[in-house]
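Enquirer: Counting from 1 along the sequence shown, just add 1 to a position and that's the residue number in my numbering.
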Amino acid sequence: CRIESLQLRTIDGLQRAIALYLIVSWRIAMLMRFGRTCPDLPADLFFDQDERHAAYLLNKKKPPADPPTLNQVLRLVAMLGGFLARKGDGEPGVKTIWIGLQRVMDCVVGLQFMREAAPG
Numbered sequence: 002c003r004i005e006s007l008q009l010r011t012i013d014g015l016q017r018a019i020a021l022y023l024i025v026s027w028r029i030a031m032l033m034r035f036g037r038t039c040p041d042l043p044a045d046l047f048f049d050q051d052e053r054h055a056a057y058l059l060n061k062k063k064p065p066a067d068p069p070t071l072n073q074v075l076r077l078v079a080m081l082g083g084f085l086a087r088k089g090d091g092e093p094g095v096k097t098i099w100i101g102l103q104r105v106m107d108c109v110v111g112l113q114f115m116r117e118a119a120p121g
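#1: Going by DSSP, name the residue or residues bridged to Pro43.
#2: Going by the CB atoms, is the gap between Val74 and Ala55 shorter than 8 Å?
#3: Taking Phe47 as the reference, which of Asn72, Ala66, Leu15 and Leu23 has the closest Cα?
#4: Count the other CB atoms, across all protein chains shown, that sit within 10 Å of the CB of Ile98; report buried if there are 16 or more and exposed otherwise.
#5: Alpha carbon to alpha carbon, how far is Arg34 from Gly101?
#6: Could you check which residue in Gly36, Tyr22, Arg87 and Gly91 has the C-alpha nearest to that of Thr70?
#7: With DSSP collapsed to three states, give me the class of Lys96.
This is how it looks when you write it as structure tokens:
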């Protein structure tokens with residue numbers, strides 16, 4: 002996670018950074034575990050609408066008419082992080098989910114800015 006590259010000079014700053022990284026790592030671990038043990042759960046339990054929308058947009062795929070499953074959205078997120086999703090590849094890991102989530106969250110911020118800037 003390269004927390005040392007932040008070069009924080011105070012204990013307080015370091016504690017805040019570690020707390021934030023712990024929250025993010027907990028979410029990634031939870032997504033990975035539930036994606037493997039309960040892949041058919043609805044994705045909206047884990048991803049909000051903008052996150053799901055961004056995952057489909059960035060993968061240039063049309064969202065399904067039915068609500069997507071956790072496995073469907075998680076694989077899209079992981080593919081943004083380098084997961085190839087080939088038949089024998091198994092399930093996405095921590096690193097591909099982490100990198101993919103970063104890209105998704107960047108897109109979510111862009112979607113929110115566009116929504117706020119839209120006239121009317």
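Cβ coordinates follow ideal geometry from the N, Cα and C atoms, glycine included. These numbers were taken from a predicted model, which means no experiment stands behind them.
Expert: A quick look at the data gives this:
#1: Thr70
#2: no
#3: Asn72
#4: buried
#5: 16 Å
#6: Gly36
#7: helix
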